[in-house]
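Chains A and B, in that order, give the protein sequences.
Its first residue numbered 376, the first sequence is counted upward by one per residue in this note's numbering.
Its first residue numbered 376, the second sequence is counted upward by one per residue in this note's numbering.
Here's the structure, in structure tokens; my notes come after.
Protein chains: 2
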Amino acid sequence: MTASSAVDEAALDRLVRGTTAVVSRDELSDRLAIAAKEGRPLRIKLGADPSAPDLHLGHTVVLNKLRDFQELGHTVIFLIGDFTARIGDPSGRSEGRRPLDPEEIRRNAATYTDQVFAILDRERTEVRMNSEWMDRMTASDLIRLCGQYTVARILERDDFSARFREQRPIGIHEFLYPLIQGYDSIALRADVEVGGSDQRFNLLVGRELQKSHGMAPQIIMTLPILEGTDGVQKMSKSLGNYVGIRESPDEMFGKIMSISDELMGRWYEILEPHDARAVADQVRSGSLHPREAKARLGARQVAKFHGQSAADLARERFDERFRKHELPESMVRLWEAGESLPPEIVVPALLTKSGLTKSNSEARRLIAQGAVRIDGRVLASERYRTDDDASNRDPVLLVEVGKRRACRVVFSGRAVT
Amino acid sequence: MTASSAVDEAALDRLVRGTTAVVSRDELSDRLAIAAKEGRPLRIKLGADPSAPDLHLGHTVVLNKLRDFQELGHTVIFLIGDFTARIGDPSGRSEGRRPLDPEEIRRNAATYTDQVFAILDRERTEVRMNSEWMDRMTASDLIRLCGQYTVARILERDDFSARFREQRPIGIHEFLYPLIQGYDSIALRADVEVGGSDQRFNLLVGRELQKSHGMAPQIIMTLPILEGTDGVQKMSKSLGNYVGIRESPDEMFGKIMSISDELMGRWYEILEPHDARAVADQVRSGSLHPREAKARLGARQVAKFHGQSAADLARERFDERFRKHELPESMVRLWEAGESLPPEIVVPALLTKSGLTKSNSEARRLIAQGAVRIDGRVLASERYRTDDDASNRDPVLLVEVGKRRACRVVFSGRAVT
């Protein structure tokens, strides 16, 4: 009888569900069996950078996975990388990595953990800072740690290899950070480390360093990166394509209702992996309207952070404001001109004012590329003559930029508030 | 009037003489002028590894240069790299870099400095160990230091770039050592660092790190690497091609007399640069016999470490033992068979026994390559029939391997002791 035969296969399936990689499922199974036998919870590590304290749905992907572990009785170690944040980027090249002082870190960490406990169980979470052990580490300890890894293997990390190939400078200190992150796993005696799929390399370093230190290597689990509301880039506050977990129920619900049907399918897979296949099947068979599926996804996310009744209310309010005007739910933005349809529209100004483009120059470039359509027809000039087209007397224009950006432009008194 | 115009040009010429590179002569000139004006001696750094305490003529090349500085009133900092020696090679790849304990380091350092003061002026030498500041360095200090240098620039070092290209592993700790060596120059406030020409890269790192720390960058001076008695490889104890400064006068003198005339010219340039051109001219014009030039070189080196009368005596004894037997002075080794010339000789055994090759298999390979000659004729087989050649009845055979290795093999009672 192997250890894994003692493991609850349903629990294992739940833990593995929604991941992009697990190294390895067998080891996880064995480790769960050992934990069960010894009556101890597993230690599940998540590393976080204390400089970005505003959580959004993208962050919840790994947090949901940690919650799965907690519901099975395991302990989450929420590790704040304060040590490296205090150092910043000593080469001074990346402005985004200025050194943080301890007070800033403490404040950021408090903001971060407050939000994290919207998903995690506080009772089953250890919040740690790596300065605990890194402040005591000497230069000679660090040199010995560096002896466990080769330059060639560090350069395999995608971003390093690209920068090295393109002759963009890599500071030597940058090679040390994955090793320090790996050392944290040794110090914490992590059984499992969870991260986004872009963290795969760093998580593997921890696994290998634990082996070099004679420890059972941590199992690594990576989770998919959530695309932002634009459906193109990784969700990020700085790109403005995020749904923040502290936004109001109306904002959250509205943003989720604005995503495309295609993106909705991917968000289901990532945010609600237990349910994604059933919903996709129902939408495909026609038994579930995409709009209804999207509203359920939105209400579920709102409910996680604001409770079920707030979610229900947000949905009602959304319906009142939008559905009653029979505007399409997806890809909707409103621009109120407060006047009836003029005979000619300066399109770059319209695109920028409506938020579809960032600037008039971007708008002009996109028009020149043939990427802008009004009511389905590619725009040939920067002016749109509304009286050219007799069929287009409706004071609501559908304006599209590329495949992903679109809005209804509503003129006249019919504009909603 | 610039600073350099105040400098003693003769002193500057002397300091620059015999170097392979100075970065830069102008800066050295300026620094000497500043020192003179401020009435302070310059601080001249030499870094040494405490794991190899047996000094040979190869080491004396840089020590002679340091002595030049001392005779002009400057201070030599003889820095023992005990910090890194205590760490050894944490990757465990290089057996030669096992960690040393403090007692071993103390013992090695004492042996080392004892020998160094055969050349250096003890009164104008500071002996330091880099553990003084490196033991206090924290991991975060080291990370900040690493931020001053890029991966690409470290990989420019010849040995790193070759290993990287050939996909031989480089431990990340190895990237840190040149930075630590450079940091030593900051800690010591070195004005000048001296080293072998193979140290050029490391010395430049120190210069650049001093700049990053807002200090006047050290001037670097590199000196040529002395070839061993074989005339091929760098002088090294492990290769057995060295002349140790603690060897007896007879051993030192005999080894120097064994080198080729060509190598003698290069040793003059490196060991006696003030005299090399005059000697070369005299040998070329025939006014000085190469043997006499070589004997002077030998006597001078012996005199440095054992005094003039010991040098004279060594020369007399050498003449008695060798010249009276009319054996050529260069490329002489003796192998006593204590028997008359046999009709057939097994050459691989002879080569190995006489020290010309390291093993019989090496000897067989060299014979097959046509690299072995006896009495000037290329050997075609591994057996040498002495009775094949009526002219070769002399019981002294000249055995040559390649261009550099040769010995006289003396049989019979005529062998000298």
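Using N, Cα and C, we set each Cβ at its ideal position, and we do this for glycine too.
Starting from residue i, find everything on chain A with Cβ-Cβ shorter than 7 Å and list it in chain order.
i          : result
His-548(B) : Ile-518, Cys-521, Gly-522
Thr-604(B) : Simply none; closest approach about 36 Å.
For residue i, which residues in chain A fall below 8 Å Cβ to Cβ?
i          : result
Thr-525(B) : Ser-466, Pro-544, Ile-545, Gly-546, Ile-547
Just to make sure I have the definition right: I need the residues of chain A whose C-beta is within less than 9 Å of the C-beta of residue i. Which are they?
i          : result
Thr-394(B) : None at all; the shortest Cβ gap to chain A is about 30 Å.
Which residue wins for smallest C-alpha separation from residue i, given the options the options?
i          : options                                        : result
Leu-421(B) : Met-627(B), Glu-402(B), Ile-594(B)             : Ile-594(B)
Gly-557(A) : Met-590(A), Glu-541(A), Ser-684(A)             : Met-590(A)
Ser-362(B) : Gly-682(A), Val-658(A), Ile-419(A), Tyr-552(A) : Outside the displayed range of chain B (376 to 792) lies residue 362(B), so it cannot be described from this structure.
Glu-757(B) : Asn-577(B), Thr-488(B), Ala-724(B)             : Ala-724(B)
Gly-844(B) : Ser-729(B), Lys-733(B), Val-722(B)             : With chain B represented from 376 up to 792, any question about residue 844(B) goes unanswered, as that position is not in the structure.
Val-559(A) : His-664(A), Ala-385(A), Met-504(A)             : The question names Val, but residue 559(A) is Asp in the sequence shown. Considering only alpha carbons, the answer is Met-504(A).
Leu-773(A) : Asn-735(A), Arg-748(A), Tyr-759(A), Asp-496(A) : Arg-748(A)
Val-526(B) : Arg-540(A), Arg-442(A), Leu-517(A), Val-436(A) : Arg-540(A)
Lys-630(B) : Gly-603(B), Leu-495(B), Ala-655(B), Glu-667(B) : Gly-603(B)
Leu-495(A) : Ile-452(A), Glu-531(A), Ser-469(A)             : Ile-452(A)
Thr-406(A) : Gln-683(A), Glu-568(A), Pro-465(A)             : Correcting the residue type first, residue 406(A) is Arg in the shown sequence and not Thr. Nearest C-alpha to Arg-406(A): Glu-568(A).
Arg-482(B) : Arg-752(B), Ile-455(B), Gln-523(B)             : Ile-455(B)
Gly-546(B) : Leu-530(A), Gly-661(A), Pro-544(A), Ser-536(A) : Leu-530(A)
Glu-402(B) : Pro-648(B), Asp-566(B), Gly-467(B)             : Asp-566(B)
Thr-395(A) : Ala-537(A), Met-509(A), Leu-601(A)             : Leu-601(A)
Leu-646(B) : Ala-411(B), Pro-599(B), Pro-477(B), Pro-416(B) : Pro-599(B)
Arg-641(B) : Ser-633(B), Arg-739(B), Ala-655(B)             : Ala-655(B)
Thr-435(B) : Gly-414(B), Phe-458(B), Ser-736(B), Val-677(B) : Val-677(B)
Ile-462(B) : Glu-507(B), His-548(B), Ala-411(B)             : His-548(B)
Ala-738(A) : Arg-752(A), Arg-760(A), Asp-750(A), Gly-777(A) : Gly-777(A)
Asp-478(B) : Asp-443(B), Arg-652(B), Ala-460(B)             : At residue 478(B) the sequence reads Glu, which differs from the Asp that was named. The shortest Cα separation from Glu-478(B) among Asp-443(B), Arg-652(B), Ala-460(B) belongs to Ala-460(B).
Gly-433(A) : Gln-542(A), Tyr-643(A), Leu-517(A)             : Tyr-643(A)
Ala-408(A) : Ala-423(A), Arg-418(A), Gly-393(A), Asp-383(A) : Asp-383(A)
Asp-476(B) : Pro-425(B), Arg-652(B), Pro-416(B), Lys-412(B) : Pro-425(B)
Arg-415(B) : Gln-445(B), Arg-389(B), Arg-760(B), Val-753(B) : Gln-445(B)
Leu-390(A) : Arg-442(A), Phe-535(A), Met-509(A)             : Arg-442(A)
Using a cut-off of 8 Å between C-beta atoms, extract the partners of residue i located in chain B.
i          : result
Phe-539(A) : Val-526, Ala-527
Interface residues of chain B around residue i at Cβ under 9 Å?
i          : result
Ile-720(A) : The premise fails here: Ile-720(A) is roughly 52 Å from chain B at the closest Cβ pair, so nothing lies under 9 Å.
Look up residue i in the DSSP assignment and give the residues it is bridged to.
i          : result
Thr-500(B) : Val-451(B)
Arg-418(A) : Thr-450(A)
Leu-646(B) : Its beta-bridge partners do not exist; DSSP assigns none.
Lys-609(B) : Glu-602(B)
His-431(A) : Gly-619(A)
Arg-748(A) : Val-753(A), Glu-775(A)
Ala-396(B) : Thr-597(B)
Ala-423(B) : Ile-455(B)
Glu-478(A) : Paired residue(s): none; Glu-478(A) is not in a bridge.
Which whole-angstrom value describes the C-beta separation of residue i and residue j, a residue pair presumed to lie in contact below a C-beta threshold of 8 Å?
i          : j          : result
Lys-728(B) : Met-596(B) : About 44 Å; that fails the 8 Å criterion.
Arg-617(B) : Met-610(B) : First, the residue type needs correcting, since residue 617(B) is Tyr and not Arg in the sequence shown. Sure, about 5 Å apart at Cβ, within 8 Å.
Gly-606(B) : Leu-638(B) : 4 Å
Lys-612(A) : His-431(A) : 7 Å
Asp-464(B) : Ser-506(B) : So it is not a contact: roughly 18 Å between Cβ atoms.
His-664(B) : Arg-392(B) : So it is not a contact: roughly 26 Å between Cβ atoms.
Pro-624(B) : Ala-686(B) : 6 Å
Ala-410(A) : Leu-417(A) : 5 Å
Between residue i and chain C, is any beta-carbon pair separated by less than 8 Å?
i          : result
Leu-387(B) : Reference to chain C is not applicable here, since the protein chains of this structure are A and B.
Query raised in the report: Along the region 566-577 of chain B, what residues have a CB closer than 9 Å to any CB found in chain A?
Result: none
Query raised in the report: Closer than 9 Å, Cβ to any Cβ of chain B: which residues of the region 551-566 of chain A, in chain order?
Result: Leu-551, Tyr-552, Leu-554, Ile-555
Report task. Can you give me, in chain order, the residues of the region 503-515 of chain A that have a beta carbon less than 7 Å from any beta carbon in chain B? Result -> Met-509, Met-512, Thr-513, Ala-514, Ser-515
**Report entry** Residues from the region 450-462 of chain B in contact with chain A, defined by Cβ distance under 9 Å
**Finding:** Under the 9 Å Cβ criterion, the region 450-462 of chain B contributes Phe-458, Thr-459, Arg-461, Ile-462.
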